[in-house]
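Participant: This is the structure, below, for whatever I ask next.
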Amino acid sequence: MFPDPVGSFPLNERLTYAHVLVHIAAVDGTLVREEVQAIEGYMGKYLIPPEQREEIRLGFESPKPLGELLTNLSHDLLYFILRDAIIVASIDGEYDQSEIDCIRAISDKIGLSNEGLSAAFDWVKSGWKWNSEYKNLISKNDPK
Amino acid sequence: MILQFEYSVQLVKTSAEFLKQKVPRISMLPDTVHKLPREERFAYAKLLAFVARIDNELTVDEMAMFEQRLGTALLSPNQRDMIRAALKNPPSLEECLDDLHGEAGKLALRDAVLMAAADGNVDEDERDVLEEISEHLGLKEEAVDLLLAWTVKGYNWMKEGYEILNSLEE
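This is the structure in structure tokens:
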């Protein structure tokens with residue numbers, strides 16, 4: 001029901017994908033547990049082998065340079081990297097300037113317009129709204 | 001060259017202003033699994049292992065969803081091994097439910113619904129288990145229906161994301 005093409009990219013590209021997300025999480029100098037949680041979730045979802053996960057986690061301490069990571073990636077994967085980079089950057093509730101710079105760098109690599117990038121940000125925001133709705137749905141004492 | 005530099009600075013400023021307006025300064029992640037005590041996260045994951053094996057089939061979609069939730073729960077490597085073993089040899093539902101209450105239970109039911117729907121179809125056995133979990137937690141009678149509707153909404157959100165990504169391609 002939730003098909004996601006990222007899982008069908010070659011392993012080396014999925015590893016780079018994860019390294020980019022780690023870079024985004026670490027770039028503002030503060031790593032929150034929610035960011036780690038999201039990246040661990042992505043590594044699980046895209047079935048990255050445990051040994052490679054260990055290596056990717058090292059990036060929380062010293063992330064790989066973004067410019068280096070963004071070379072030799074397929075154009076299609078860059079779109080998904082952009083999507084999930086915005087999600088990871090939004091997790092702590094605000095976008096730091098350094099995170100915006102990274103997102104902009106990915107967007108530039110794709111050749112995206114400002115409007116396109118805004119649409120992606122709006123989409124992420126609507127996803128958080130959806131995600132939070134479940135809480136009020138199911139408890140007896142909560143309003144319908 | 002200078003013009004180009006100024007232009008890119010302007011773009012960043014515009015983006016930052018845009019983001020300040022659009023993004024509330026609150027914690028956006030409503031997923032509180034990581035805040036639960038370790039034993040409750042383990043109980044949560046054990047239930048998901050059970051749900052993944054209800055129909056005795058484990059599709060790639062279910063596996064991906066299961067591994068995602070396992071990652072999100074931030075379990076220790078040892079606990080992950082135990083949960084993966086539970087996937088091969090699932091515990092009984094009663095055993096899973098014994099350790100599951102409150103917030104952990106609600107999150108487990110939510111994610112059990114997501115996992116049951118991951119292959120695009122919630123069969124009768126899966127539905128029965130979801131109802132049993134809901135009853136154990138003392139939730140609204142229509143809780144499972146509401147969560148299924150919520151899941152479909154989320155699916156549409158994901159789909160919309162792909163459509164946006166496709167529309168961005170020149």
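Residue numbers (the working numbering), protein chains in the order written: chain A, 1 to 144; chain B, 1 to 170. In this text, a Cβ means the ideal position worked out from N, Cα and C, and glycines have one as well. Predicted, not measured: the structure shown is a model, and the values here were computed from it.
If I follow the unbroken alpha helix (DSSP H) through B:Tyr162, where does it start and stop?
Facilitator: It spans 143 to 168 - the alpha helix (DSSP H) in which B:Tyr162 sits, taken as one unbroken run.
Participant: Mind listing which residues of the segment 47 to 78 of chain B have their C-beta closer than 9 Å to chain A's C-betas, in chain order?
Facilitator: Answer set for the segment 47 to 78 of chain B: Val60, Asp61, Met63, Ala64, Met65, Phe66, Glu67, Gln68, Arg69, Leu70, Gly71, Thr72, Ala73, Leu74, Pro77.
Participant: Taking 8 Å as the CB-CB limit, is A:Ala120 close to chain B?
Facilitator: Answer yes: the Cβ-Cβ gap between A:Ala120 and chain B drops below 8 Å somewhere.
Participant: Note down, in chain order, each residue of its chain lying with its Cβ closer than 6 Å to the Cβ of B:Leu137, except the 5 sequence neighbours on either side.
Facilitator: Around B:Leu137: Gly105.
Participant: Which residues in the same chain have their Cβ closer than 7 Å to the Cβ of B:Asp123, if we skip the five residues on either side of it in sequence?
Facilitator: Hits under 7 Å: Asp55.
Participant: Among the candidates B:Tyr155, B:Ser167, B:Thr151, B:Met82, whose CA atom is the shortest distance from the CA of A:Leu137?
Facilitator: Considering only alpha carbons, the answer is B:Thr151.
Participant: Could you confirm whether any beta carbon from chain A is found closer than 8 Å to the beta carbon of B:Lys153?
Facilitator: Answer yes: the Cβ-Cβ gap between B:Lys153 and chain A drops below 8 Å somewhere.
Participant: Residues of chain B with CB closer than 9 Å to the CB of A:Arg57, please, in chain order.
Facilitator: By Cβ distance, chain B contributes nothing, its closest Cβ being about 11 Å from A:Arg57, past 9 Å.
Participant: Assuming A:Leu117 contacts A:Ser107 (C-beta within less than 8 Å), just tell me the rounded distance between them.
Facilitator: About 5 Å separates the two Cβ atoms, so the contact holds.
Participant: Evaluate B:Gly102 with the Cβ neighbour count: other Cβ atoms within 10 Å of its Cβ, from every protein chain shown; 16 or more gives buried, anything less gives exposed.
Facilitator: Exposed: under 16 other Cβ atoms inside 10 Å.
Participant: Roughly how many angstroms lie between the CA atoms of A:Ile86 and A:Trp123, to the nearest whole one?
Facilitator: Computed Cα separation, rounded: 10 Å.
Participant: From the DSSP output, in three-state form, read off A:Lys45 for me.
Facilitator: Looking at A:Lys45 - three-state DSSP - the assignment turns out to be helix.
Participant: Taking the C-alpha atoms as reference points, what is the distance between B:Pro77 and B:Glu67?
Facilitator: The alpha-carbon atoms of B:Pro77 and B:Glu67 are separated by roughly 13 Å.
Participant: Could you please tell me which residues of the segment 86 to 105 of chain B, in chain order, have their CB closer than 7 Å to any CB of chain A?
Facilitator: Listed by position along the chain: nothing, the set is empty.
Participant: Indicate whether at least one CB of chain A lies closer than 8 Å to the CB of B:Ala45.
Facilitator: By this cut-off, B:Ala45 is not an interface position.
Participant: Got a sec? Which residues, its chain only, sit under 6 Å from B:Thr72 by beta carbon, not counting five neighbours each side?
Facilitator: Result list for B:Thr72: Val33, in chain order.
Participant: Could you spell out the range, first to last residue, of the alpha helix (DSSP H) harbouring B:His61?
Facilitator: According to the sequence shown, residue 61 of chain B is Asp rather than His. Its alpha helix (DSSP H) spans residues 60 to 72.
Participant: Taking a cut of 7 Å between CB atoms, which residues from the segment 128 to 148 of chain B lie near chain A?
Facilitator: Cβ contacts with chain A come from Gly138, Leu139, Lys140, Ala143, Leu146, Leu147.
Participant: Quick one: grab the DSSP three-state call for A:Val124.
Facilitator: Here A:Val124 sits in helix by DSSP.
Participant: Can you name the start and end residues of the alpha helix (DSSP H) that B:Gly120 belongs to?
Facilitator: Neither: B:Gly120 is in no alpha helix (DSSP H) and is coded neither H nor E.
Participant: Tell me which same chain residues have a C-beta within less than 7 Å of the C-beta of B:Met115, skipping the five on either side of it?
Facilitator: Leu48, Val51, Ala52, Glu62, Met65, Phe66.
Participant: Entirely within the segment 23 to 93 of chain A and at least 4 residues each: give me those alpha helix (DSSP H) ranges in chain order.
Facilitator: Qualifying alpha helix (DSSP H) stretches, in chain order: 33 to 45, 50 to 58, 66 to 69, 75 to 90.
Participant: With a threshold of 8 Å between beta-carbons, can A:Ser74 be considered close to chain B, or not?
Facilitator: No, A:Ser74 does not count as interfacial toward chain B.
Participant: Residues of chain B with CB under 8 Å from A:Arg33, in chain order?
Facilitator: Those are His34, Leu74, listed as they occur along chain B.
Participant: Looking at C-beta atoms only, is the number of pairs between the segment 75 to 95 of chain B and the segment 137 to 147 of chain B that lie closer than 8 Å three or more?
Facilitator: Too few Cβ pairs lie closer than 8 Å, so no.
Participant: Please list, in chain order, the chain A residues whose beta carbon lies closer than 9 Å to that of B:Ile164.
Facilitator: Ordered by position in chain A, the residues that pass the 9 Å Cβ test against B:Ile164 are Arg83, Gly116, Ala119, Ala120, Asp122, Trp123.
Participant: List the residues of chain A that B:Glu160 touches, going by C-beta distances under 7 Å, in chain order.
Facilitator: Correct list: Trp123.
Participant: Need the endpoints of the alpha helix (DSSP H) that B:Ile54 sits in, please.
Facilitator: Counting along the chain, B:Ile54 falls outside any alpha helix (DSSP H), and DSSP gives it neither H nor E.
Participant: Less than 6 Å between C-beta atoms, sequence neighbours within five positions excluded: which residues of the same chain meet that for A:Ile70?
Facilitator: Note that residue 70 of chain A corresponds to Leu in the displayed sequence, not to Ile. So the qualifying residues of the chain are Lys109.
Participant: Any Cβ of chain A within less than 8 Å of the Cβ of B:Leu168?
Facilitator: Yes, B:Leu168 counts as interfacial toward chain A.
Participant: Around the C-beta of B:Val144, are 16 or more other C-beta atoms found within 10 angstroms, so that it is buried, or is it exposed?
Facilitator: Label assigned to B:Val144: buried.
Participant: Taking DSSP as the reference, what is the three-state secondary structure of B:Leu139?
Facilitator: Residue state, collapsed to three classes: coil.
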